[in-house]
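In what follows, a single structure is set out as structure tokens and then discussed.
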Amino acid sequence: MVRLLLEVRNLSYFIERKRILEDINFKLFPGEVLGIVGPNGAGKTTLLKLISGILQPSEGKVLVEGKSIKKFNRREISKKIAMVPQNTYTSFPFTAFDVVLMGRHPHVGRFKQETEKDLNKVKECMLLAGIWHLRDKKITEISGGELQKVFIAQAISQETPILLLDEPTSHLDINSQLEIMEIVAELNKKKRKSVVLVSHDLNLAARYSGRMILLKEGKVFAQGKVEEVLTSENIKRVYHLNALVRKHPVTGSIYTLPVSFRVNSKDKGEVRRKRKVHLIGGGGSASRMIKELCDGGYDVSLGVVNVFDADFETAKLFEVPCVVEAPFSPITSESYEKNIRFIRESELVILCNVPFGEGNLLNLEAALEALEMGVEVLVQNKVPVEKRDYTGGKAKKIFEKLLDKGAHLVEDEREVTRFVEEFFKSRVRQEVRR
Amino acid sequence: MTARNTVFSFLGVALVVVFLLGLSVGSVNIPLSVVLKGITKGFPFFRSFTGGEVKEGYLVILFNLRLPRVLLCVLVGAGLACAGCCMQGLFRNPMASPYVIGISSGASFGAALALLILPGIFSLPFAAFVSGVGTAFLVYRISQVKGKIPIERLLLSGIAVGFFFSAVTSFLMYIAAQDMHRLFFWIMGGFWASSWIRLFVAIPFIGFGIPGIFFFSRDLNIMQLGEESAITLGVEVELVKGVLLVLSSLIVAACVSVSGVIGFVGLIIPHLTRLFVGPDHRVLIPASSLVGGIFLAGCDILARTVVSPAELPVGIITSCFGAPFFIYLLTRRRW
Numbered sequence: 132m133v134r135l136l137l138e139v140r141n142l143s144y145f146i147e148r149k150r151i152l153e154d155i156n157f158k159l160f161p162g163e164v165l166g167i168v169g170p171n172g173a174g175k176t177t178l179l180k181l182i183s184g185i186l187q188p189s190e191g192k193v194l195v196e197g198k199s200i201k202k203f204n205r206r207e208i209s210k211k212i213a214m215v216p217q218n219t220y221t222s223f224p225f226t227a228f229d230v231v232l233m234g235r236h237p238h239v240g241r242f243k244q245e246t247e248k249d250l251n252k253v254k255e256c257m258l259l260a261g262i263w264h265l266r267d268k269k270i271t272e273i274s275g276g277e278l279q280k281v282f283i284a285q286a287i288s289q290e291t292p293i294l295l296l297d298e299p300t301s302h303l304d305i306n307s308q309l310e311i312m313e314i315v316a317e318l319n320k321k322k323r324k325s326v327v328l329v330s331h332d333l334n335l336a337a338r339y340s341g342r343m344i345l346l347k348e349g350k351v352f353a354q355g356k357v358e359e360v361l362t363s364e365n366i367k368r369v370y371h372l373n374a375l376v377r378k379h380p381v382t383g384s385i386y387t388l389p390v391s392f393r394v395n396s397k398d399k400g401e402v403r404r405k406r407k408v409h410l411i412g413g414g415g416s417a418s419r420m421i422k423e424l425c426d427g428g429y430d431v432s433l434g435v436v437n438v439f440d441a442d443f444e445t446a447k448l449f450e451v452p453c454v455v456e457a458p459f460s461p462i463t464s465e466s467y468e469k470n471i472r473f474i475r476e477s478e479l480v481i482l483c484n485v486p487f488g489e490g491n492l493l494n495l496e497a498a499l500e501a502l503e504m505g506v507e508v509l510v511q512n513k514v515p516v517e518k519r520d521y522t523g524g525k526a527k528k529i530f531e532k533l534l535d536k537g538a539h540l541v542e543d544e545r546e547v548t549r550f551v552e553e554f555f556k557s558r559v560r561q562e563v564r565r
Numbered sequence: 215m216t217a218r219n220t221v222f223s224f225l226g227v228a229l230v231v232v233f234l235l236g237l238s239v240g241s242v243n244i245p246l247s248v249v250l251k252g253i254t255k256g257f258p259f260f261r262s263f264t265g266g267e268v269k270e271g272y273l274v275i276l277f278n279l280r281l282p283r284v285l286l287c288v289l290v291g292a293g294l295a296c297a298g299c300c301m302q303g304l305f306r307n308p309m310a311s312p313y314v315i316g317i318s319s320g321a322s323f324g325a326a327l328a329l330l331i332l333p334g335i336f337s338l339p340f341a342a343f344v345s346g347v348g349t350a351f352l353v354y355r356i357s358q359v360k361g362k363i364p365i366e367r368l369l370l371s372g373i374a375v376g377f378f379f380s381a382v383t384s385f386l387m388y389i390a391a392q393d394m395h396r397l398f399f400w401i402m403g404g405f406w407a408s409s410w411i412r413l414f415v416a417i418p419f420i421g422f423g424i425p426g427i428f429f430f431s432r433d434l435n436i437m438q439l440g441e442e443s444a445i446t447l448g449v450e451v452e453l454v455k456g457v458l459l460v461l462s463s464l465i466v467a468a469c470v471s472v473s474g475v476i477g478f479v480g481l482i483i484p485h486l487t488r489l490f491v492g493p494d495h496r497v498l499i500p501a502s503s504l505v506g507g508i509f510l511a512g513c514d515i516l517a518r519t520v521v522s523p524a525e526l527p528v529g530i531i532t533s534c535f536g537a538p539f540f541i542y543l544l545t546r547r548r549w
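Just so you know, the sequences run in chain order A and B.
Using the numbering used here, you'd call the opening residue of the first sequence number 132 and step up by one each time.
Using the numbering used here, you'd call the opening residue of the second sequence number 215 and step up by one each time.
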């Protein structure tokens with residue numbers, strides 16, 4: 132059995148009658164990094180303050196190595212848990228060395244001075260954090276990133292098994308952010324220090340955490356492995372935001388990309404909500420249109436794309452119905468038929484900037500078919516068709532036929548949304564006249 | 215470390231010089247050689263070096279007037295500077311002074327009561343001390359929330375209570391016209407009424423208060439990072455705050471009761487000392503205490519001599535000479 136380092140059991144915290152945290156339960160095992168994420172005001176910092184004993188819980192308890200934190204005195208807790216607070220400020224010009232040395236406080240008796248051992252420990256920690264050269268600098272005169280490293284060195288010098296980090300990188304540039312997180316990761320790996328990382332930066336937390344807790348309005352919304360917690364469904368429900376969740380091809384960690392605010396379709400006019408637009412995409416060419424049109428409140432469908440295509444991911448995110456083909460497979464006649472069925476229900480078909488090969492020529496045919504059925508077609512041609520034709524001219528031929536039969540041509544991507552808007556406005560005018 | 219030793223050696227020498235000057239200078243000047251003979255009179259070993267007899271008149275001045283006065287100056291100066299350091303540390307603000315929580319106004323109110331309303335029942339120092347400590351306690355209780363003392367609350371309630379007692383004191387002065395100059399002089403601060411009794415009254419509070427505060431100097435250092443950080447670094451913040459407030463209140467009340475409300479020392483001396491020794495309270499507290507003692511004893515010499523044979527309230531001197539000197543340092547140093 133793995134020894135338990137920290138356990139939070141049925142923890143609640145109230146201010147007056149207002150609930151800040153409610154019934155929080157989690158465990159921290161030796162050598163792991165636990166990320167705590169959530170929107171502003173979800174109670175992340177309060178949770179850290181309860182763990183570190185700055186605040187006392189209203190209900191429930193915090194156990195350190197199986198023993199309630201209330202049974203420790205202040206000095207004993209400080210030998211178990213170190214914390215790097217969100218922003219620290221002092222107007223008194225202590226040197227960086229003196230500040231790191233303060234981390235030794237719990238280990239130095241009241242009647243005693245710091246010993247040679249303490250001084251060596253401080254040097255070791257400052258070297259580890261890469262700030263030994265700053266030892267004689269005043270902390271009022273160093274940069275934010277350097278200051279943060281000073282406080283991390285201070286927390287390291289406390290020699291605790293548990294390290295709590297509250298937004299350790301919040302006002303730092305991206306270089307300092309990574310530098311600081313790498314120091315923490317190294318501590319975790321080499322010294323088996325257990326870390327609780329509170330952050331509102333989902334990607335940073337995802338990259339450095341093993342497990343994760345997602346807080347929403349003072350409650351645990353989800354907890355578990357990063358990929359189980361950071362799903363676009365969870366993000367949508369906690370942050371009210373559409374976000375792409377992907378695996379980073381280089382670091383292999385999960386990352387999220389906010390795409391748009393979730394639009395309440397009632398806010399947009401009734402007119403738009405009933406307007407159906409069908410997109411013909413693939414290779415990521417339709418993703419931007421999906422977002423624009425969904426944000427605009429149109430009823431969007433997509434066809435035919437392969438599973439794992441970027442357009443397919445985007446369609447899933449925006450809950451857009453779409454016709455899907457197996458990965459790397461050509462469009463079957465069955466999918467083609469499905470596509471035509473979507474087209475038949477639509478008022479406008481947009482043919483995106485898709486590169487064409489033998490496998491997806493049927494998508495071009497579908498656009499042609501749309502014109503035959505009397506559905507208006509809008510053709511995007513930002514990259515000229517010759518340059519994305521991998522069929523030896525077949526695609527170009529169909530494309531030209533499309534234009535001949537009255538498809539609208541729009542060169543600039545940005546013009547498309549305006550075109551769509553104008554298109555439906557004139558439709559509405561016609562309908563009213565009738 | 216060596217730099218610190220230099221500072222302390224220098225301060226030690228300065229203290230001895232000021233001490234001897236303080237004994238020698240005054241409306242009656244006593245030559246230094248006589249001062250040395252006088253103070254070594256009781257010690258046969260030292261007397262063998264200094265030798266000779268001292269006139270009885272000199273001895274009376276030296277022992278009954280000058281010695282308690284100079285000692286009291288040093289003690290009060292040290293006490294105010296140390297309490298100032300402590301308050302600046304507690305409030306994490308270099309502009310705090312020992313009077314920030316209203317002790318001076320409270321003590322003045324007590325003094326006014328003793329002088330103007332109930333003359334002769336309580337001695338002035340006693341009344342001032344009791345009402346000074348009482349005010350501190352009142353402010354402390356007002357600021358307390360759920361067993362904790364939020365520092366902003368302490369500051370605000372100190373200011374409010376201070377203003378209230380100032381107003382009441384002014385009112386007392388307004389309705390009682392006689393004896394007003396005595397109160398006025400007392401409020402300005404001075405050492406003309408020094409005596410062995412006053413010295414012995416002040417010694418326990420200041421003599422134990424300063425080491426008491428020094429004892430918590432490491433905690434005070436860590437508290438400069440903020441109370442929450444201090445808690446996670448193992449400091450019992452509320453306990454330390456309580457003890458330090460009690461100790462510094464006792465020191466300040468004792469100082470005020472024996473010498474009136476002397477301004478400037480408690481605010482500027484810690485600041486000035488910080489310029490030279492840095493912010494570490496383990497050095498700053500003893501160094502400020504020494505500088506405060508030296509500075510106030512020096513100012514008292516001036517107070518006695520500038521308009522001799524009359525005397526100025528020492529509070530005038532501390533501000534008149536101290537402030538320009540401090541401003542000079544401020545403009546020369548950048549930090």
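Just so you know, even glycine gets a beta-carbon here, dropped at the ideal spot from N, CA and C.
C-alpha distance - residue i paired with residue j, whole-angstrom precision
| i | j | result |
| --- | --- | --- |
| B:Ala501 | A:Val360 | 57 Å |
| A:Gln187 | B:Ala326 | 46 Å |
| A:Arg565 | A:Glu478 | 17 Å |
| A:Glu277 | A:Gln217 | 14 Å |
| B:Thr220 | A:Ala284 | 31 Å |
| A:Asn395 | A:Val253 | Any reading at A:Asn395 needs caution, since the residue's pLDDT is 48, under 50, leaving its predicted position unreliable; the model's value is listed next. Roughly 55 Å between the two C-alpha positions. |
| A:Lys556 | A:Tyr429 | 13 Å |
| A:Lys422 | A:Val390 | 8 Å |
| A:Gly349 | A:Lys149 | 11 Å |
| A:Lys399 | A:Lys405 | Here A:Lys399 scores only 48 on pLDDT, less than 50, and its place in the model should not be relied on; the value that follows carries that caveat. Those two C-alpha atoms are separated by around 11 Å. |
Residues that DSSP places opposite residue i in a beta bridge
| i | result |
| --- | --- |
| A:Thr548 | BP columns for A:Thr548 are empty, so no partner. |
| A:Asn373 | A:Ser391 |
| A:Ser325 | A:Ile293 |
| A:His539 | A:Leu509 |
| A:Arg342 | A:Leu165, A:Lys356 |
| A:Tyr467 | Paired residues: none, contrary to the question. |
| A:Ala213 | A:Leu294 |
| A:Val193 | A:Val139 |
Cβ-based burial, residue i [other Cβ within 10 Å; buried from 16]
| i | result |
| --- | --- |
| A:Arg549 | exposed |
| A:Ser288 | buried |
| A:Asn306 | exposed |
| A:Asp520 | buried |
| A:His238 | buried |
| A:Ile182 | buried |
| A:Glu456 | buried |
| B:Trp400 | buried |
| A:Pro292 | buried |
| B:Ile389 | exposed |
Under 8 Å from the C-beta of residue i: neighbouring residues of chain B
| i | result |
| --- | --- |
| A:Thr219 | Leu439, Gly440, Ser443 |
| A:Ile185 | Glu442, Ile445, Thr446 |
Per-residue contacts from residue i into chain A (C-beta, under 8 Å)
| i | result |
| --- | --- |
| B:Gly298 | None at all; the shortest Cβ gap to chain A is about 14 Å. |
| B:Val449 | Arg205, His236 |
| B:Asn435 | Phe225, Asp229, Met233 |
| B:Arg218 | Those do not exist, as B:Arg218 stays about 13 Å from chain A at its closest Cβ, beyond 8 Å. |
Residues that residue i contacts on chain B, provided the C-beta gap is smaller than 9 Å
| i | result |
| --- | --- |
| A:Pro216 | Leu439, Gly440, Glu442, Ser443, Thr446 |
| A:Ser209 | Ile445, Thr446, Leu447, Gly448, Val449 |
Where residue i meets chain A, residues with beta-carbon distance less than 9 Å
| i | result |
| --- | --- |
| B:Pro308 | Ser222, Phe223 |
| B:Arg367 | Correct list: empty, because the minimum Cβ distance to chain A is about 17 Å. |
Listed by chain order, chain A residues near residue i by CB distance under 7 Å
| i | result |
| --- | --- |
| B:Pro493 | Phe223, Pro224, Phe225 |
Contact with chain E by residue i, beta-carbon distance below 8 Å
| i | result |
| --- | --- |
| B:Arg546 | Absence of chain E from the displayed structure is noted, the protein chains being A and B. |
Beta-carbon neighbours of residue i, restricted to chain B and to distances below 7 Å
| i | result |
| --- | --- |
| A:Ala213 | Thr446 |
(request) Return the chain-ordered ranges of every alpha helix (DSSP H) run that is complete within the stretch 490-516 of chain A and spans a minimum of 4 residues. (result) Counting whole runs of 4 or more residues, the stretch 490-516 of chain A contains the alpha helix (DSSP H) stretches 492-504.
(message) Could you tell me which whole alpha helix (DSSP H) segments of length 4 or greater appear in the stretch 352-391 of chain B?
(response) Uninterrupted alpha helix (DSSP H) stretches at least 4 residues long and entirely within the stretch 352-391 of chain B occur at 365-389, given in chain order.
(message) At 4 residues or longer, what runs of the alpha helix (DSSP H) sit wholly inside the stretch 304-346 of chain B?
(response) Taking only runs of at least 4 residues, the alpha helix (DSSP H) segments lying wholly in the stretch 304-346 of chain B are 317-326.
(message) If we require 4 or more residues per run, which alpha helix (DSSP H) segments fall completely within the stretch 498-547 of chain B?
(response) With a minimum length of 4 residues, the continuous alpha helix (DSSP H) runs that stay inside the stretch 498-547 of chain B are 528-546.
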